[in-house]
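Just so we're aligned: the sequence shown equals residues 3 to 138 in the working numbering. We put the CB at the ideal spot given by N, CA and C, even for glycine. Take a look at the structure set out below.
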Amino acid sequence: MDSLIPFTTSGSLVDCVDRKMLVILRDGRKLHGVLRSYDQFANLVLEDTVERIYHGNAFAESWHGLFIIRGENVVLLGEIDLDREEDVPLKQVDYNVLIAYHKQDAETKKEREEAKSQILYEQKGFCKEGGEGDGY
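Written out as structure tokens, the structure is:
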């Protein structure tokens, strides 16, 4: 049983160092960057980081450079297949063009989640604990 422990901890990230990764955070942001370092708490250091936003069949990127991420904020971490990255049928557009649509999508999603939460509270007795970004 002890032989399985290294594969369920941050030690399993050793093969991901120096590879291009996708990181999805609790607040919904999607970051693409090269994983340079991590620690026992799964805190991450990404280099050449861009934040991607999506709307329909389009995406835009905002450059962030070096990015340090606290491990508790990571929802998903995955390697990007560089051979297939260009095959994604999305069109890249200017960030300033897409940001308004992205904000509207986020606001719509927030309103939908609040309505769903209210219904669950009133009809099923679920509590409305948690704050923004606690959906995971």
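Quick one, which of the options has its alpha-carbon nearest residue i's?
i	options	result
V90	I82, D96 and Y97	I82
K22	A117, L79 and E63	L79
H104	G73, S64 and L84	S64
L27	E115, R38 and E74	E74
D96	L46, Q106, D29 and H57	H57
E49	Q125, A108 and L24	L24
L15	K32, L46 and E116	L46
Any idea which residues DSSP pairs residue i with across the strands?
i	result
Q94	F61
G30	G30 pairs with nothing; no bridge assigned.
Y123	In DSSP, Y123 forms no bridge with anything.
V25	L33 and L79
Y103	For Y103, which the question treats as bridged, DSSP gives no partner whatsoever.
E49	V36
F43	BP columns for F43 are empty, so no partner.
G67	T51
By DSSP, does residue i sit in helix, in strand, or in coil?
i	result
R54	strand
I82	coil
C129	coil
T20	The question names Thr, yet the displayed sequence has Asp at residue 20. Looking at D20 - three-state DSSP - the assignment turns out to be coil, as it is neither helix nor strand.
Go ahead and label residue i buried or exposed: buried means 16 or more other beta carbons lie within 10 angstroms of its beta carbon, across all protein chains shown.
i	result
I70	exposed
G35	buried
I55	buried
T51	buried
A102	exposed
D20	exposed
L84	exposed
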